[in-house]
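Student: Going by our numbering, the sequence shown opens with residue 3, and the numbers climb by one from there.
Using N, Cα and C, we set each Cβ at its ideal position, and we do this for glycine too.
Bear in mind that the values here come from a model prediction, so they are computed numbers and not experimental data.
Sharing a structure with you now.
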Amino acid sequence: MNEKMDVKRFMTVVKRRFLTILLVTMTLSLITAAVSVYVLKPTYEVTHNLVIGKLNKDDSTYGENRELNMLLASTIDFIQSPSVLSSVREDFAIPYEELSEMIVVRNTQDSQIVNVTVRSSHPDEAEKMAEIIVRTTVTQMNELFDVNDIVILDDPTGEGQVQQVGSILINIGIGVVVSVLAGIGIAMLREHMDDSVEGARELEEQVGVPVLGVVDMKKRKRTIKKHQLKTEIEEELSVKERRKRGEVRV
């Protein structure tokens with residue numbers, strides 16, 4: 003029963019404070035849309051794959067899995083090493099810390115494939131950086147470990163690899179939902195801070211005592227004003243009438 007009353011009370015507050023909820027929702031939604039379109043820059047990412055070792059186990063030159071795991075771990079660490087990052091910095095004037103944050107390296111357990119993802123606000127920049135990273139990694143790792151089993155799985159010069167992360171419509175949609183919740187929250191806060199009583203029914207619910215009668219003060223006030231105006235007009239007409247008959251002395 004209390005749950006039903008709480009829901010009913012909630013709906014009553016929403017109806018009463020609908021204008022507040024609407025204004026807050028529209029304001030925050032417009033701000034979110036403006037920020038998403040004019041302030042936030044879209045992020046693009048490019049992913050390339052490296053194969054560590056031969057996928058055919060019979061033709062592999064690695065006698066033990068331990069050697070392959072060591073080469074795999076070394077390659078993952080080498081991708082974000084200063085040797086590779088320096089090659090990228092030759093074409094892009096980006097600090098090491100910022101450049102390291104733009105690169106994401108992933109490897110699934112028991113997999114010989116390493117995913118190298120580069121994120122940037124410029125699609126051409128992300129694609130070129132990813133190409134430099136994978137080519138530099140393959141060349142230097144093969145030279146350092148004297149192997150030829152680190153190769154690029156896909157063609158880094160291929161098209162259609164750049165993908166946009168996120169969407170403006172999704173950001174605006176999330177902003178609208180948050181705006182509605184914020185509007186309801188502000189409406190509930192205003193309702194909590196408001197101690198006035200809107201009607202007899204609400205007074206009965208708060209006090210717990212039945213209301214025997216209601217006095218409409220606004221209507222009574224208007225009635226009193228009309229009565230006073232009518233009395234003043236009648237008195238003025240009476241004085242004029244008496245003056246005509248000579249009964250009023252000046």
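1. Measuring alpha carbon to alpha carbon, tell me which residue in 178, 164, 117, 90 is nearest residue 50.
2. Go through the stretch 96 to 158 residue by residue and report every complete run of the beta strand (DSSP E) that reaches 3 residues or more, in order.
3. Which residues does DSSP list as the beta-bridge partners of residue 53?
4. May I have the straight-line CA-CA distance separating residue 184 from residue 27, to the nearest angstrom?
5. Determine, using beta carbons only, whether residue 82 and residue 96 come nearer to each other than 7 Å.
6. For residue 128, count neighbouring C-beta atoms within 10 Å of its own C-beta (all shown protein chains included) and say buried if the count is 16 or more, exposed if not.
7. Grouping DSSP H, G and I as helix and E and B as strand, with all else coil, what is residue 182?
8. Between the alpha carbons of residue 48 and residue 13, how many angstroms are there, rounded?
9. Beta strand (DSSP E) containing residue 39: first to last residue?
10. What are the boundary residues of the beta strand (DSSP E) that residue 167 is part of?
11. Could you please give me the residues that DSSP links to residue 48 through a beta bridge?
12. Does the stretch 170 to 182 come within contact of the stretch 28 to 44, defined as at least 3 CB pairs closer than 8 Å?
13. Within 10 angstroms of the Cβ of residue 98, are there 16 or more other Cβ atoms? Answer buried if so, exposed if not.
14. How would you call residue 181, buried or exposed, if buried means at least 16 neighbouring beta carbons within 10 angstroms?
15. Assign residue 69 to one of three DSSP states: helix, strand, or coil.
16. If contacts are defined as beta-carbon pairs under 8 Å, then residue 46 and residue 163 qualify, I think. What distance do you get, rounded to the angstrom?
17. By a C-beta neighbour count over all protein chains shown, 10 Å radius and 16 as the cutoff for buried, is residue 195 buried or exposed?
18. Tell me where the alpha helix (DSSP H) around residue 19 begins and ends.
Tutor: Working from what's here:
1. For the options 178, 164, 117, 90, the alpha carbon positioned closest to that of residue 50 is the one of 117.
2. With a minimum length of 3 residues, the unbroken runs of beta strand (DSSP E) contained wholly in the stretch 96 to 158 fall at 105 to 109, 115 to 122, 152 to 154.
3. Residue 53 is bridged to 115, 153.
4. Taking the straight line joining both Cα atoms gives about 7 Å.
5. Taking 7 Å as the Cβ cut-off, residue 82 and residue 96 do not qualify as a contacting pair.
6. So residue 128 counts as buried.
7. Looking at residue 182 - three-state DSSP - the assignment turns out to be helix.
8. Those two C-alpha atoms are separated by around 49 Å.
9. In the DSSP assignment, residue 39 falls outside any beta strand (DSSP E), carrying neither H nor E.
10. Looking at the DSSP string, the run of the beta strand (DSSP E) that includes residue 167 is 165 to 167.
11. Residue 48 pairs with 120.
12. Flag = yes, the stretch 170 to 182 and the stretch 28 to 44 touch.
13. Classification of residue 98: exposed, given that the 10 Å Cβ count is below 16.
14. Under the 10 Å beta carbon count, residue 181 is surrounded by 16 or more other beta carbons and is classified as buried.
15. Helix.
16. Taking 8 Å as the upper bound for CB-CB distance, residue 46 and residue 163 are not in contact here, some 10 Å apart.
17. Residue 195 should be labelled exposed.
18. Segment: none, residue 19 is in no alpha helix (DSSP H) and carries neither H nor E.
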